[in-house]
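Going line by line, the protein sequences match chains L and C. So the number in this note's numbering is just where the residue sits in the first sequence, counting from 1, plus 26. So the number in this note's numbering is just where the residue sits in the second sequence, counting from 1, plus 386. Backbone N, C-alpha and C define an ideal beta-carbon position, used for all residues, glycine too. Note that the structure is a prediction, hence the values are computed from the model and not measured. Contents: one structure, followed by commentary.
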Amino acid sequence: MPGAGTATVTIDQSRCVGSGMCVVYAPATFDHDETAKVVVIDPHGDPLEVVESAVDACPTGALSIATADSPTPQKDEA
Amino acid sequence: MTDVQSLDRNRLKELFDLRSSYNVAMGGDFQTDPYPVWERLRKQAPVHEGTVHKLTGYPGEAFFQGLPFPDRPHFSAFSFAACDAAFRDEETFASSPTAVDPTGQAAGVESSLISMNGAQHRRYRALVQPSFLPAKSGWWISSWIEETVHLLIDSFVADGRAELNVDFCAAIPILTITGSLGIPVEQALIIREWLSQPAKIVGMLAPIVAARRESPRDDLISVLVQAELPDEDGTTHRLSDVEIYSFAILLLLAGSGTTWKQMGIILTALLQRPEILKAVRADRRLLRATIEEAIRWTPTDPMFSRFVTADIEFFGAHIPKGSVLHLCVAAANRDPERWERPDEFDIHRPLKRSLGFGGGMHICLGMHVARAEMTVGIGALLDRLPNLRLDPDAASPRIIGMYERGATEIPVLFG
């Protein structure tokens with residue numbers, strides 16, 4: 027598994043409803059702005075597998091992650 | 387809020403016993419463990435024709451959102467993949483059978499956020515979501531949860547024994563929600579009795595809403611009276627009284643019973659596993675994983691339902707337009723395709739989303755408040771009640787119920 031340093035998290039604020047699920051799983055990576063839209067506070071805040079759990083947890087598909095192994099951003103495929 | 391003693395314990399017991407008349411409509415008297423049946427059903431097929439309670443073998447009629455609708459075909463999904471796919475496709479699987487008019491005259495759950503679809507749901511949810519973010523948990527805790535939790539423990543700490551299901555778990559969520567709405571403690575229980583009569587709750591809320599429009603405070607009604615809703619045409623409007631009443635009724639309905647029962651399930655799981663209880667007591671950081679695992683292992687609401695808007699082939703079933711699809715999230719949460727040893731309560735699993743709070747756009751709005759109530763509540767019990775254990779001379783708690791699952795009684799000793 028590559029470290030979080032080789033992964034890129036992408037957010038789509040238009041899909042975000044501010045459920046806060048990402049913060050449950052990766053609280054050092056994600057937070058929300060004052061309109062309850064997701065923001066990345068630290069792209070390396072959590073280990074990669076934790077960020078992947080957060081991407082999977084997003085109920086609206088607002089998060090995606092690209093690693094060195096998979097250069098195309100993958101929507102959560104749970 | 388120093389008058390928590392004014393809660394009538396006997397009344398509380400009646401209102402918060404799953405087997406009482408207030409809760410029996412949702413199948414609260416169901417005593418059989420449904421999980422073996424759900425496992426068998428999931429193995430047979432991800433989607434079955436029929437309702438969850440009939441497929442489970444519940445002898446009578448049980449009601450919940452999505453039931454009874456006798457004129458519609460009913461289907462039920464039992465696998466994680468099927469439930470998750472339905473949650474994520476709100477166009478095909480809608481939250482209400484007809485469009486919602488929140489500006490009408492009647493306040494109630496049918497006119498609230500939970501029944502809305504698409505862009506309308508997004509606009510209304512966006513209005514209240516900032517008050518329910520994880521970052522707002524501290525506001526909920528310091529404003530309402532912490533004081534309530536400690537006052538409740540004060541009321542039994544000298545006794546050396548307690549019945550945690552009613553004396554503790556039941557009271558925390560109802561007092562948190564009513565507190566956030568500005569409803570005094572002595573009226574909190576009446577609200578629970580009145581949940582099926584929205585007009586009475588409106589009568590109680592009306593003077594509070596009027597007062598907050600005059601002079602806002604640091605509470606949820608004040609947030610609602612000041613919030614501006616962007617309309618489809620780009621203009622904004624303030625919420626009407628009826629819109630605020632509907633939202634408040636939704637919060638009371640969705641927030642007062644669920645967290646009570648989920649907290650009881652967590653305490654039951656811990657008290658029946660003393661080695662895990664000991665580990666959590668020693669390392670309080672384990673409480674987070676304990677709560678998440680309990681929500682996976684036995685969610686208090688085992689089913690959510692959706693209305694099918696188009697003919698669809700769905701996980702091997704042909705589901706006609708107009709059907710109701712029941713998503714048995716409790717079964718999905720033990721799908722071996724997603725979890726190893728799914729029947730085991732294991733707090734050391736890697737953290738992974740379950741469907742215990744639902745999924746998709748309608749995922750539980752109050753889930754971070756619920757987590758905060760359970761974290762503060764259970765944490766305070768562990769802090770203040772040394773040697774907390776089940777009373778060996780009383781019947782051990784059992785988890786019962788069809789569509790609202792929870793513990794029977796949780797008799798404990800401490801000290």
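Does DSSP classify residue i as helix, strand or coil?
| i | result |
| --- | --- |
| R547/C | strand |
| D57/L | strand |
| T564/C | helix |
| G87/L | coil |
| G792/C | strand |
| T622/C | strand |
| V35/L | strand |
| P688/C | coil |
| R598/C | helix |
| A703/C | strand |
| R775/C | strand |
| P28/L | A caution first: P28/L carries a pLDDT of 41, below 50, which makes its placement in the model too unreliable to give a value. |
| A92/L | strand |
| I733/C | coil |
| F693/C | strand |
| V64/L | strand |
| P616/C | strand |
| I764/C | helix |
| V486/C | coil |
| P722/C | coil |
| H712/C | strand |
| I698/C | strand |
| V798/C | strand |
| I569/C | coil |
| I786/C | strand |
| C48/L | helix |
| V43/L | coil |
| W526/C | helix |
| S79/L | helix |
| F743/C | coil |
| C750/C | coil |
| K738/C | coil |
| P69/L | coil |
| E103/L | The predicted model places E103/L with a pLDDT of 44, which falls under 50 and marks its position as unreliable, so this point remains unresolved. |
| D803/C | What is shown of chain C runs 387 to 801, which leaves residue 803/C out entirely. |
Using the Cβ count rule (16 or more neighbours within 10 Å means buried), how would you classify residue i?
| i | result |
| --- | --- |
| T418/C | exposed |
| N719/C | buried |
| M788/C | buried |
| M27/L | Bear in mind that a pLDDT of 42 at M27/L, under 50, signals an unreliable position, so the number given afterwards is only what the model happens to contain. With fewer than 16 Cβ atoms within 10 Å of its Cβ, M27/L is classed as exposed. |
| S740/C | buried |
| E730/C | exposed |
| V65/L | exposed |
| S144/L | In the structure as shown, chain L starts at 27 and stops at 104, and residue 144/L therefore has no counterpart that could be examined. |
| K664/C | exposed |
| Q612/C | exposed |
| I106/L | With chain L covering 27 to 104 only, the question about residue 106/L has no answer from this structure. |
| P456/C | exposed |
| P685/C | buried |
| S45/L | buried |
| P420/C | buried |
| K63/L | buried |
| N773/C | exposed |
| F449/C | exposed |
| A30/L | The predicted model places A30/L with a pLDDT of 48, which falls under 50 and marks its position as unreliable, so this point remains unresolved. |
| E723/C | exposed |
| D394/C | exposed |
Starting from residue i, find everything on chain L with Cβ-Cβ shorter than 9 Å and list it in chain order.
| i | result |
| --- | --- |
| F473/C | P85 |
Check the Cβ of residue i against every Cβ in chain L and list those closer than 8 Å, keeping chain order.
| i | result |
| --- | --- |
| M747/C | V43, P85, T86 |
Can you name the residues of chain C whose CB is closer than 8 Å to the CB of residue i?
| i | result |
| --- | --- |
| S79/L | P736, L737, K738, R739 |
| D57/L | A521 |
Under 7 Å between beta-carbons, which chain L residues line up against residue i? List them in chain order, please.
| i | result |
| --- | --- |
| H754/C | G46 |
In chain C, which residues lie less than 7 Å from residue i when you measure between Cβ atoms?
| i | result |
| --- | --- |
| V49/L | P520 |
| A62/L | A512, Q515, P516, L519 |
Residues of chain C with CB closer than 9 Å to the CB of residue i, please, in chain order.
| i | result |
| --- | --- |
| D82/L | K738, R739 |
Interfacial residues, the segment 503-526 of chain C to chain L, with Cβ spacing under 7 Å: R508, R511, A512, Q515, P516, L519, P520, A521
Taking only runs that begin and end inside the segment 394-480 of chain C, name each unbroken alpha helix (DSSP H) of 4 or more residues, in chain order. 395-401, 421-430, 438-442, 466-473
Going along the chain, which unbroken runs of the beta strand (DSSP E) with 3 or more residues stay wholly within the segment 620-687 of chain C? Within the segment 620-687 of chain C, the complete beta strand (DSSP E) runs of at least 3 residues are 622-624.
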